[in-house]
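Peer 1: My questions all concern the structure below.
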Amino acid sequence: MTSFDDLLDDVGAFGRCQKRIFALLCLLSLPFAGVYVGIVFQGFTPDHWCRDPAVMERRHACGWNLEHARRLTLPLVNGSGALQPSTCTQYDLDWNATALTCHTQEVNLTGVAVTTSVCFVRQDGWEYDYEGRKSFVTEFNLVCSDAWLVDMFQSIVNVGFLASSFAFGYFADRFGRRLSFLLSNILNFITGMILAVAPNYISILVFRSVFGFAVKGGWMTSYVLLTEIVGVEYRRTVGILYQMFFSLGNLLLPLLAYFIPDWRWLQVVFSVPYLFFLSYYWFIPESPRWLISQRNSSKALEIAEAMAKENKKKLSNNYETLTDDDGDSMSASLLDLFRTPKMRKYTLILMFNWFTSAVVYQGLIMRVGITGGNVYVDFLISGLVEFPAAFLILFTIERIGRRLPFSAANIVAGVSCFITACIPDSLPWFKTLVACVGRLGITMAFEMVVFVNTELYPTFVRNLGVSVCSSLCDFWLELPLIIFGVVAIIAGGLVLLLPETKGVPLPDTIDDIEFPNRNLPELSKVKVLRLWRGCLGSDALTC
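Here the sequence shown is numbered in the numbering used here, starting from 2 and rising by one per residue.
This is the structure we're talking about:
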């Protein structure tokens, strides 16, 4: 019985065929970066304030700059320890009826009966310090009381990621990597383009979830396919470099966002590449390793012969029966991840690591602009930090192993987050430096958890295992609600462990608490005795 790893010795562990497939699949990570963290630019919230037509007219007539006009005409609120012009409230008065002139330096409203009110879209709406650019925040006025809807844009794509982890994980293990990849790219292009022209925010959220569903499924399926067609000695390298293209996508993202000021056109740029990726169906073969796990050795051998031919090698004639060393099951099941003690242990540990990697990585991504500078420059600089991560992994994992670098990367990221939180705002450069060290550490951890995940699971359940474990990185934005729900349910269950107090006398001693049933007869006697003594001094009929 011959395994596919034995067959690769003749086919070539990383020949011309595998290099071609590797180069093609790596391109998938570029637009995936835009889908995952593009909200930094697509959902950017610029400085904003209530729109007042009278103030706008006076500002243009007098040539005031924005800062001067806002200081004169907006109520001051406490923000970041200092008084600042309000972004959500305005004075209820007609500025044309006041003594406001072009030469006014300070407005004195003493003695004037004025009130403040919240501005609404149905009134005059808001002005934005975002001239020439448009995010979905400025298009749909998602500020002030509606600011929470911005988070929904990222939360809803995580819902799509979560659903994809189970659906595409099962589909790829049941029907093949190649078919799953084709389905993913069809959905990616269609929903991505619809998202770019969606007329309202509700439809945007709906198609955003489907877009996330398809993108995550295709990316994970491609990763698993890539690691299955190369020799074991090349698996770590292709896995790390495949993810490094995601970091390259992070570098391209601020450049694209800078030159494409409209979030809708930026969405088009994220979606169009998937039309090109559809052609991969005719250039990338099915995973021979998966075919062997499905007892389709003849098709696997046919693909192996084609790969060997492209690699300019020739197969021996003794490959008649192929077997999969990783397992002997034909179909994957979620229970397979928890059925045996070691599989259960691996699954739980990997799920937790996926979760922590996503929490810290996206948390540090969202802290872009920590220096208060240009968001495009800040994002570009922080993205550069990710590149050393891939080289550090490649340098250490063969010399030291997987576990120590994996563990150290998480610890470095955690310690950096603690230190960053303790650094005062008066040292922004030091705060940014330490945060970048944390970004480097968590990038290493994120890249390592992916390929370690693929190495720990057998072929027939590998795609499902990676997808299910990665599902914990897809709902962390909803974690507060989940924690609230779990805590409330636990509290309700714990209450049932308390004794019923209805009609029970108040305890007098600790023994009354520890031995409530033993004291019931004695308490009853005391009550009867007290009642009898009370009756001795009163009218017997009344008693």
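Heads up, the beta-carbon is just placed ideally off N, CA and C, and yes, glycines get one too.
1. With a threshold of 6 Å on Cβ separation, who are the neighbours of Phe42 within its own chain once the five nearest residues in sequence on each side are excluded?
2. Which full runs of the alpha helix (DSSP H) of 4+ residues lie inside the stretch 162 to 241, going along the chain?
3. Count the other CB atoms, across all protein chains shown, that sit within 10 Å of the CB of Arg340; report buried if there are 16 or more and exposed otherwise.
4. Considering only residues of the same chain and omitting the five flanking positions on each side of Leu532, which have a CB-CB separation below 6 Å?
5. With a threshold of 6 Å on Cβ separation, who are the neighbours of Thr46 within its own chain once the five nearest residues in sequence on each side are excluded?
6. Whole angstroms are fine: how far does the CA of Asp7 sit from the CA of Gly13?
7. For Thr421 and Phe176, I'd like the C-alpha separation in whole angstroms.
8. For Leu25, which option in Phe212, Pro274, Tyr235, Arg52 has the closest C-alpha, if you only look at C-alpha atoms?
9. Compare the Cα-Cα distances from Leu349 to each of Val467, Ser204, Phe23 and report the closest residue.
10. Less than 6 Å between C-beta atoms, sequence neighbours within five positions excluded: which residues of the same chain meet that for Leu292?
11. Give me the Cβ distance between Val453 and Phe407, rounded to the nearest whole Å; I'm assuming they're in contact under 8 Å.
12. Tell me whether Tyr458 sits in a helix, a strand or coil according to DSSP, three-state version.
13. Got a sec, what are the start and stop residues for the alpha helix (DSSP H) Trp264 sits in?
14. What is the residue span of the beta strand (DSSP E) that Trp65 lies within?
15. Could you name the residues of the same chain whose beta carbon sits closer than 6 Å to that of Arg21, not counting the 5 residues immediately before and after it, in chain order?
16. Would you please state the rounded distance, in angstroms, between the beta carbons of Arg52 and Trp149? I believe it to be under 8 Å.
17. List the residues that DSSP assigns as beta-bridge partners of Pro86.
18. Using the C-alpha atoms, what's the distance from Glu456 back to Arg296?
19. What span of residues does the alpha helix (DSSP H) with Trp355 cover, start to end?
20. How far does the alpha helix (DSSP H) with Tyr281 in it reach, from first residue to last?
21. With DSSP collapsed to three states, give me the class of Lys300.
22. Please state whether the Cβ-Cβ distance between Leu365 and Arg290 is less than 8 Å.
23. Should Asn189 go down as buried or exposed, given a rule of 16 or more other Cβ atoms within 10 Å for buried?
24. Cβ of Gly177 within 7 Å of any heavy atom in the ligand COA?
25. Got a sec? Which residues, its chain only, sit under 7 Å from Phe15 by beta carbon, not counting five neighbours each side?
26. Among the residues of its own chain, which have a CB less than 7 Å from the CB of Asn312, if the five just before and after it don't count?
27. Closest by CA to Met153, which one among Asn464, Thr192, Ser204?
28. I'd like the list of long-range same chain contacts for Ala164, defined as Cβ closer than 6 Å, with 5 residues on each side in sequence excluded.
29. Count the other CB atoms, across all protein chains shown, that sit within 10 Å of the CB of Cys103; report buried if there are 16 or more and exposed otherwise.
30. Can you tell which of Val225, Trp355, Pro200 has the C-alpha that lies nearest to the C-alpha of Tyr171?
31. Along the chain, where does the alpha helix (DSSP H) containing Glu128 start, and where does it finish?
32. Grouping DSSP H, G and I as helix and E and B as strand, with all else coil, what is Gly112?
33. Are Leu393 and Leu252 closer than 8 Å when you measure CB to CB?
34. For Asn201, which residues from the same chain have a beta carbon less than 6 Å from its beta carbon, with the 5 sequence-adjacent residues on both sides left out?
35. So, helix, strand or coil for Cys51, using DSSP?
36. How many angstroms separate the CA atom of Ser223 from the CA atom of Arg178?
Peer 2: Taking the coordinates as given:
1. Ala258
2. 178 to 198, 202 to 229
3. exposed
4. Below a pLDDT of 50, predicted positions are generally treated as unreliable, and Leu532, at 49, falls in that range; no measurement from the model is reported.
5. Val138
6. 10 Å
7. 47 Å
8. Pro274
9. Val467
10. Lys300, Ala301
11. 7 Å
12. coil
13. 264 to 272
14. Trp65 -> no beta strand (DSSP E), and no H or E assigned at all.
15. none
16. 21 Å between Cβ atoms; not a contact.
17. Leu77
18. 21 Å
19. 342 to 366
20. Premise fails: Tyr281 is in no alpha helix (DSSP H) and is neither H nor E.
21. Reduced to three states, the DSSP call for Lys300 is helix.
22. no
23. Counting Cβ neighbours within 10 Å, Asn189 comes out buried, since at least 16 surround it.
24. Although the ligand COA was asked about, the structure shown includes no ligands whatsoever.
25. Cβ neighbours of Phe15 within its own chain (closer than 7 Å, five residues either side excluded): Val231, Gly232, Tyr235.
26. Val12, Gly13, Gly16, Arg17, Cys18
27. Ser204
28. Phe214
29. exposed
30. Val225
31. First-last for Glu128: 127 to 129, but that is the beta strand (DSSP E), not the alpha helix (DSSP H).
32. The predicted position of Gly112 is uncertain, since its pLDDT is 49 and thus under 50; no value can be drawn from it.
33. Their beta carbons are not under 8 Å apart, which means Leu393 does not touch Leu252 by this criterion.
34. Nothing listed; no residue qualifies.
35. strand
36. 7 Å
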